[in-house]
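Residue numbers (my numbering): 4 to 616.
Data first, discussion second: the structure below is written as structure tokens.
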């Protein structure tokens, strides 16, 4: 019994020592002071604050320094709502709201930057810096409300780097971001190849750059940082004089430029980090812009989130009533169809999210599944293959997936004729819409209607050769399409549908993206072309394109339901000579009338499920 007691006491002592050691080794995460200046950001604040609130970082290690003035919207109300619901979760919140101040001296627009606005902003940032020094914050995070930190690991990732100054690389609707890779001698932005490498994550890590802004983490434990960093031009010049640095700064009294130069002058490196996908950023507005520009940027960024993250991260519960989405539109067309395989519900869900975010009134169209087709079924449908067809790249016959894809598009062409639909947009389910898709789609359609009697307009495609594509007369954003692959998205007119059906493509089947160029006589394989005597489809293309694939061949997430499927068995006794893609003449025949008496008996060859549609 005595031995057992002694052993128990020894074990308890060991456990206490281990616990004590763990307690000594444990270090709380560094404290972070978030400095936030808000003006007229009621439209971004619900997302900004929601994503900030969802950071995977102890809230008791985060303090806020918050100012809001010169606002004409309800930014202050939204901030007060956050204070009432979330402020107590954080270490502290130092805030001042000044609702009586509405505009700056000599300001004609809320998006203009007169000297008085710069002066006020710089004074506030200097005040925030001093506050950070006084409370001995480990880090200061200067943030604008245009930043949407969708990654919950943003703060954790940045603080662990322990860099003097680092910014999370943010994505916009274009190439704009919150860093520069080059700065000219007169302090203007200079383009560099490295910028795109970092932005497109061709290289990954933290990289020294001459400028970071909008979302900047400053390590206050660096002595030089605490002492020398400034946003104030006069203070910068004073420091340079005291160090006898030449030449003295003579650039603009711009807070972000002065901050960058003060860091460079003090030997403090600035870094941009793209280790993770931190989030998104809105581009600053110009004096002539309106709030609508920012609202449309938000639409574009939310669509990017659906593509990148699988959905838009949710708002805090008390902000959900502020969420707004665009009204649904058919883009001035009769119908919009999205083709999707029933066994790919994740693609349908993603596309339907995009339609919600972009305000597109699209209909689900069930695809013909190549996996459910058999040789016997194809024979029953009267499907025959073009003699001599061989895939130009893989040197193989058609796959069941390619056949199903063709029949899916064919089904819509048949429906258009049956229902007398004049203009239809046909979409596949693996596309990424370019920013401002809705506005540009309507604009390009109106150009086409005014300029030419078109049959087909590619909204997305793969141009297969650099060749001349003449611009459509009296249209700014349309060209006559050359040999193209992909049927991601295209507008088809009723006349175009009639022409495609009149060619009786099920009697000499080839993949749909080979068939279409044959029909507008821009296909390089003249042997195949001879099988379709009337090649008078008037095919245009949007320029620039309005959509692209989500994934490309070789990407880790790339899946092809057409290429990676069973090949058909072809009777080689009827085959002719197969040719690879080659040069071809540019031919633009005028459209010929195609009447109903020249059509197939529509729908007789389709699967029953599609005859009903």
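Ideal placement from N, C-alpha and C gives every residue a C-beta, glycine not left out.
Predicted model, so just to flag it, every value in this text is computed and none were measured.
The shortest C-alpha to C-alpha distance from residue 200 to any of 213, 193, 188, 184 is the one to 184. Rounded to the nearest angstrom, the gap between the Cα atoms of residue 106 and residue 116 is 11 Å. Selection 146, 147, 141 evaluated against residue 164 yields 141 as nearest (Cα-Cα). Residue pairing from DSSP places residue 97 in a beta bridge opposite 68.
In this structure, residue 481 sits near residue 447, with a CB-CB distance shorter than 8 Å.
In this structure, residue 361 lies away from residue 462, with their beta-carbon atoms at least 8 Å apart.
If one requires a minimum length of 4 residues, the alpha helix (DSSP H) runs lying completely within the stretch 360-438 are 378-383, 403-422, in chain order.
In the DSSP assignment, residue 520 falls within the unbroken alpha helix (DSSP H) covering 515-522. The beta-bridge partner set that DSSP reports for residue 184 is empty.
Here residue 434 is near residue 553, since their CB atoms are less than 8 Å apart. Between residue 443 and residue 502, the C-beta spacing is not below 8 Å. Judged by DSSP secondary structure, residue 553 falls outside any beta strand (DSSP E); it is assigned neither H nor E. CA-CA distance, residue 231 to residue 269, rounds to 7 Å.
If you check the CB distance, residue 43 and residue 74 come in under 8 Å.
For the 8 Å CB-CB criterion, residue 342 and residue 363 do not form a contact. With contacts defined by Cβ atoms closer than 8 Å, residue 66 and residue 98 do not form a contacting pair. One alpha carbon belongs to residue 473, the other to residue 263, and they sit about 47 Å apart. With contacts defined by Cβ atoms closer than 8 Å, residue 60 and residue 153 do not form a contacting pair. Residue 233 sits in coil when the DSSP states are folded into three classes, being neither helix nor strand. The three-state reading of DSSP puts residue 324 in helix, counting H, G and I together. Bridge pairing for residue 172: absent [DSSP]. In the three-state reduction of the DSSP assignment, residue 209 falls in the strand class.
Taken atom to atom, the span from the alpha-carbon of residue 419 to that of residue 504 is near 11 Å. In the structure shown, residue 451 adopts helical secondary structure according to DSSP, grouped into three states. Contact annotation: the stretch 128-146 does not touch the stretch 301-319, with fewer than three C-beta pairs closer than 8 Å. DSSP places residue 40 within a strand segment (E or B) once states are collapsed to three.
DSSP, reduced to helix, strand and coil, places residue 123 within a helical segment of the structure shown. In the three-state scheme derived from DSSP, where H, G and I count as helix and E and B as strand, residue 354 is classed as helix. Below 8 Å, too few C-beta pairs join the stretch 251-259 and the stretch 322-336 to call them touching: fewer than three.
In this chain, the beta strand (DSSP E) harbouring residue 542 covers 542-545. The continuous beta strand (DSSP E) containing residue 488 extends over residues 487-496.
In this structure, the CA atom of residue 550 is about 7 Å from the CA atom of residue 492.
For residue 468, the closest of 527, 411, 445, 515 by C-alpha to C-alpha distance is 527.
The three-state reading of DSSP puts residue 223 in coil, since its state is none of H, G, I, E or B. Excluding residues up to 5 positions away in sequence, 39, 98 lie with their Cβ nearer than 6 Å to the Cβ of residue 69 in the same chain.
In this structure, DSSP gives residue 106 a state outside helix and strand, which the three-state scheme calls coil.
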